[in-house]
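Just below is one structure, and these are the notes that go with it.
Protein chains in written order, with our numbering: chain A, 1 to 271; chain B, 1 to 258.
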């Protein structure tokens with residue numbers, strides 16, 4: 001809060017990451033301002049999740065830097081990384097719930113292990129998080145006893161229970177039905193208003209993401225091909241962005257065609 | 001050929017260093033790890049209580065066979081009365097710590113590798129890191145500490161049940177007087193033997209559980225395979241390495257303490 005407004009909360013500089021011969025992130029330079037929600041979109045396999053893991057310090061980039069409040073983060077600097085992680089949450093695409101812990105224990109885990117909050121406060125926060133995500137009746141169940149959608153909501157509860165300043169969402173709505181998808185984006189919006197967090201959302205749900213985010217970054221071939229407001233994204237004539245953007249509409253039309261018994265239009269893979 | 005040998009040597013040295021660092025970090029991270037007691041109790045239960053039946057069964061049959069073979073061999077030399085010392089020394093100094101460790105590796109160790117490997121594959125370990133929780137303190141430390149508690153206790157159980165097995169063979173199924181068997185057992189075992197057995201149990205426990213944790217924890221980057229195959233390969237590798245390590249460490253400790 002005290003640093004100048006010009007310093008982004010989170011930024012990357014010429015980030016590169018390869019796995020063997022395959023270059024996943026070629027040169028990613030990105031800035032996330034405090035309080036904004038940035039949606040990172042792009043086709044499958046373009047490195048969106050890898051980018052998010054580099055931002056969270058789960059993966060070490062081969063070169064380039066991740067900056068938090070202008071200071072570089074490194075897996076070798078555990079003090080800085082720990083301080084960053086106390087202020088950041090990560091929602092994994094596969095949820096990454098600890099399967100030996102109950103729903104309650106999963107949500108309580110970051111508070112019990114990484115904060116000095118008193119037990120009554122932890123209990124109150126966990127109960128509140130579970131209630132908000134309609135999981136209060138499933139608190140004693142294990143992740144394996146929950147449906148995919150419920151697991152996603154549980155992971156969301158765990159990500160938000162610490163009231164982080166920065167939340168990294170990796171496909172927060174994957175595997176959810178349309179109603180739940182809307183509910184999750186609504187919840188993110190509510191939580192953002194309440195706690196004022198900054199968010200980076202990797203998603204394939206273009207309409208919901210455009211409605212919920214302040215800025216869109218389009219990742220293509222390991223680089224940020226486009227960055228702008230949702231309106232700019234909707235209006236741009238860039239052929240690569242247009243092809244991706246219009247593929248969502250084509251997909252919707254093809255599904256409608258199938259429903260009507262007509263021939264579906266080919267839709268580009270949205271993954 | 002020379003190049004391959006050199007590369008393999010360098011890789012082994014690097015992996016040994018990585019393993020030593022992993023083990024040291026596992027123990028060190030116990031300091032300051034929150035709610036360690038609860039996880040320690042769970043690890044003691046998984047490594048100890050769950051493995052107790054197999055330890056008792058293997059210990060009993062080991063003692064039975066020792067009693068049977070020992071009695072007939074000693075009788076040929078007119079020394080059947082020495083069955084007690086034979087069974088007791090074999091069990092306490094060697095067989096109890098070694099076989100208990102091998103049984104614990106087979107049951108608890110393999111389960112431990114698989115559990116950590118699955119947690120690695122499903123990003124649960126990454127999730128701990130992103131929550132600011134040290135995975136070494138959360139997952140590795142309680143298991144290492146539990147091994148230091150469980151292995152000596154299981155070794156003692158193994159030895160006690162083995163002695164009973166030897167008595168069943170020698171004095172119940174064969175004609176050696178019970179009083180002679182137990183009095184000679186009592187006379188042949190001193191605190192030094194028990195101490196040697198406990199030292200072995202502690203070393204085997206720390207070594208094998210650290211090997212199992214290391215393989216499970218690094219299932220994603222050690223086995224040259226991915227997913228379920230990586231877990232399977234890591235489990236096999238951990239069990240084989242642990243078994244060999246137990247026998248090699250047994251020789252080293254015995255040569256130092258005898």
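Ideal Cβ placement from N, Cα and C applies to all residues, glycine included. Model, not experiment: these values are computed from the prediction.
Taking CB distances under 9 Å as the criterion, tell me whether residue 88 of chain A reaches chain B. The residue labelled residue 88 of chain A in the question sits at position 88 within the first chain. Cβ-Cβ to chain B under 9 Å: yes for residue 88 of chain A.
Residue ranges of each beta strand (DSSP E) within the region 71–153 of chain A, 3 or longer: Correct list: 71–73 and 88–91.
Check the DSSP bridge columns for residue 27 of chain A and list the partner residues they point to. As a first step, residue 27 of chain A is located in the first chain; it is residue number 27 there, counting from the start. Partner(s): A/223.
Do residue 197 of chain B and residue 181 of chain B have their CB atoms nearer than 9 Å? As a working note, residue 197 of chain B is residue 197 in the second chain. As a working note, residue 181 of chain B is residue 181 in the second chain. In this structure, residue 181 of chain B does not lie closer than 9 Å to residue 197 of chain B by Cβ.
For my contact list, residue 197 of chain A and residue 156 of chain A are in at a C-beta cut-off of 8 Å; report their separation, rounded to the angstrom. Taking the first chain and counting its residues from 1, the one referred to as residue 197 of chain A is at position 197. Taking the first chain and counting its residues from 1, the one referred to as residue 156 of chain A is at position 156. About 13 Å separates the CB atoms of residue 197 of chain A and residue 156 of chain A; that is not less than 8 Å, and the two are not in contact.
Cβ distance (whole Å) where residue 129 of chain A is taken to contact residue 88 of chain A below 8 Å: Within the first chain, numbered from 1, the residue matching residue 129 of chain A stands at position 129. Within the first chain, numbered from 1, the residue matching residue 88 of chain A stands at position 88. Contact doesn't hold; Cβ gap of about 17 Å is too wide.
So which residues on chain B does residue 94 of chain A lean against when the C-beta distance must stay under 8 Å? Along the first chain, read from residue 1 onward, the residue named residue 94 of chain A stands at position 94. Correct list: 122 and 123.
Output yes if chain A places a C-beta closer than 9 Å to the C-beta of residue 190 of chain B; else output no. Start at 1 with the first residue of the second chain, and residue 190 of chain B comes out as number 190. Chain A, which has no Cβ nearer than 9 Å to the Cβ of residue 190 of chain B, makes this no.
Report the residue from B/27, B/227 and B/129 whose alpha carbon sits nearest the alpha carbon of residue 206 of chain B. In the second chain, counting from the first residue as 1, residue 206 of chain B sits at position 206. Residue 206 of chain B has its Cα closest to that of B/27, out of B/27, B/227 and B/129.
Keeping to the same chain, check which residues put their C-beta closer than 7 Å to that of residue 110 of chain A; ignore five residues upstream and five downstream. Numbered from 1 along the first chain, position 110 holds the residue referred to as residue 110 of chain A. Contacts found: 158, 161 and 162.
Sort B/91, B/212 and B/132 by Cα distance to residue 155 of chain B and report the nearest one. Walking along the second chain from the start, residue 155 of chain B turns up at place 155. Residue B/91 is the option with its Cα nearest to residue 155 of chain B.
Pick out the complete alpha helix (DSSP H) segments inside the region 68–124 of chain B, 4 residues or longer, and give them in chain order. 83–89, 96–104 and 110–121
Backbone secondary structure at residue 44 of chain A - three-state DSSP: Sequence index remark: in the first chain, residue 44 of chain A carries index 44 (1-based). Coil.
Count the other CB atoms, across all protein chains shown, that sit within 10 Å of the CB of residue 131 of chain B; report buried if there are 16 or more and exposed otherwise. Counting from one through the second chain, the residue named residue 131 of chain B turns up at place 131. That one is buried.
Proximity to residue 175 of chain A [Cα-Cα], best of A/190, A/209 and A/147: Here residue 175 of chain A corresponds to residue number 175 of the first chain, with the count starting at 1. Per the Cα distances, A/147.
Taking the alpha carbon of residue 53 of chain B as the reference point, which residue from B/244, B/189 and B/107 has its own alpha carbon closest? Numbered from its first residue, the second chain carries residue 53 of chain B at position 53. Checking every option, the nearest Cα to that of residue 53 of chain B belongs to B/107.
Residue 245 of chain A versus residue 230 of chain A: straight-line alpha-carbon distance, rounded: Here residue 245 of chain A corresponds to residue number 245 of the first chain, with the count starting at 1. Here residue 230 of chain A corresponds to residue number 230 of the first chain, with the count starting at 1. So the two alpha carbons sit approximately 11 Å from each other.
Would you identify the three-state DSSP class for residue 174 of chain A, choosing helix, strand or coil? The sequence position of residue 174 of chain A within the first chain is 174, counting from 1. Of the three classes helix, strand and coil, the one that applies to residue 174 of chain A here is coil, per DSSP.
If contacts are defined as beta-carbon pairs under 8 Å, then residue 9 of chain A and residue 32 of chain A qualify, I think. What distance do you get, rounded to the angstrom? Mapped onto the first chain, residue 9 of chain A falls at position 9. Mapped onto the first chain, residue 32 of chain A falls at position 32. A Cβ-Cβ distance of about 6 Å is found for the pair residue 9 of chain A and residue 32 of chain A, placing them in contact under the 8 Å criterion.
With DSSP collapsed to three states, give me the class of residue 40 of chain B. On the second chain, residue 40 of chain B is found 40 positions in, with the first residue counted as 1. In the structure shown, residue 40 of chain B sits in a helix (DSSP, three-state: H, G or I).
Spell out the partners DSSP gives residue 228 of chain A in its beta bridges. Position 228 of the first chain, counted from the first residue, corresponds to residue 228 of chain A. Answer is A/216, bridged to residue 228 of chain A.
Please list the residues of the region 99–129 of chain A that have a C-beta atom closer than 9 Å to any C-beta atom in chain B, keeping them in chain order. 99, 100, 109, 110, 112, 113, 114 and 115
Quick one: residues in its chain with C-beta nearer than 7 Å to the C-beta of residue 253 of chain B, no 5 flanking neighbours on either side, listed in chain order? Reading the second chain from its first residue, position 253 is the one you call residue 253 of chain B. Once the five neighbours on either side are set aside, the close Cβ partners of residue 253 of chain B are 199, 200 and 203.
Short Cβ contact (9 Å threshold) for residue 144 of chain B with residue 30 of chain B: Taking the second chain and counting its residues from 1, one reaches residue 144 of chain B at position 144. Taking the second chain and counting its residues from 1, one reaches residue 30 of chain B at position 30. Contact flag set, yes.
Quick one: what does DSSP say residue 63 of chain A is sitting in, helix, strand or coil? Your numbering for residue 63 of chain A matches position 63 in the first chain. Residue state, collapsed to three classes: strand.
With distances taken between CB atoms, is the gap from residue 25 of chain B to residue 112 of chain A smaller than 9 Å? Taking the second chain and counting its residues from 1, the one referred to as residue 25 of chain B is at position 25. Taking the first chain and counting its residues from 1, the one referred to as residue 112 of chain A is at position 112. With a cutoff of 9 Å on beta-carbon distance, residue 25 of chain B and residue 112 of chain A are scored as not near each other.
Opening and closing residue of the beta strand (DSSP E) in which residue 16 of chain A lies: The count along the first chain starts at 1 and reaches residue 16 of chain A at position 16. Residues 10–19.
Which residue or residues does DSSP assign as beta-bridge partners of residue 68 of chain A? The sequence position of residue 68 of chain A within the first chain is 68, counting from 1. In DSSP, residue 68 of chain A forms a bridge with A/10 and A/71.
How many Å lie between residue 134 of chain B and residue 183 of chain B at the Cα? The residue labelled residue 134 of chain B in the question sits at position 134 within the second chain. The residue labelled residue 183 of chain B in the question sits at position 183 within the second chain. Whole-angstrom Cα-Cα distance: 52 Å.
Do residue 85 of chain B and residue 169 of chain B have their beta-carbon atoms positioned less than 9 Å apart in this structure? As a first step, residue 169 of chain B must be located in the second chain, where it is residue number 169. As a first step, residue 85 of chain B must be located in the second chain, where it is residue number 85. Cβ atoms of residue 169 of chain B and residue 85 of chain B: not closer than 9 Å.
Take the Cβ of residue 218 of chain A as the centre, count every other Cβ of all protein chains shown within 10 Å, and call the residue buried at 16 or more, exposed below. For the purposes of this step, residue 218 of chain A is taken as residue 218 along the first chain, with counting starting at 1. Residue 218 of chain A should be labelled buried.
What residues match up with residue 38 of chain A in a beta bridge as DSSP calls it? For the purposes of this step, residue 38 of chain A is taken as the residue at position 38 of the first chain. In DSSP, residue 38 of chain A forms a bridge with A/200 and A/215.
Going along the chain, which residues of its own chain have a beta-carbon closer than 8 Å to the beta-carbon of residue 250 of chain B, five neighbours each way excluded? On the second chain, position 250 is the one that residue 250 of chain B refers to. Excluding residues within five positions, the ones whose Cβ falls inside 8 Å are 94, 97, 98, 200 and 204.
Beta-bridge pairing of residue 166 of chain A - partner residues as DSSP gives them: Position 166 of the first chain, counting from 1, holds the residue named residue 166 of chain A. Its beta-bridge partners are A/88 and A/198.
Neighbourhood of residue 44 of chain B by C-beta distance below 8 Å, restricted to the same chain and skipping five residues each side: Locating residue 44 of chain B in the second chain gives position 44, where the first residue counts as 1. Here the set comprises 146, 149 and 150.
Which chain A residues are close to residue 138 of chain B, counting only those with a beta carbon under 8 Å from its beta carbon? Here residue 138 of chain B refers to the residue found at position 138 when the second chain is read from its first residue. What residue 138 of chain B touches in chain A: 113.
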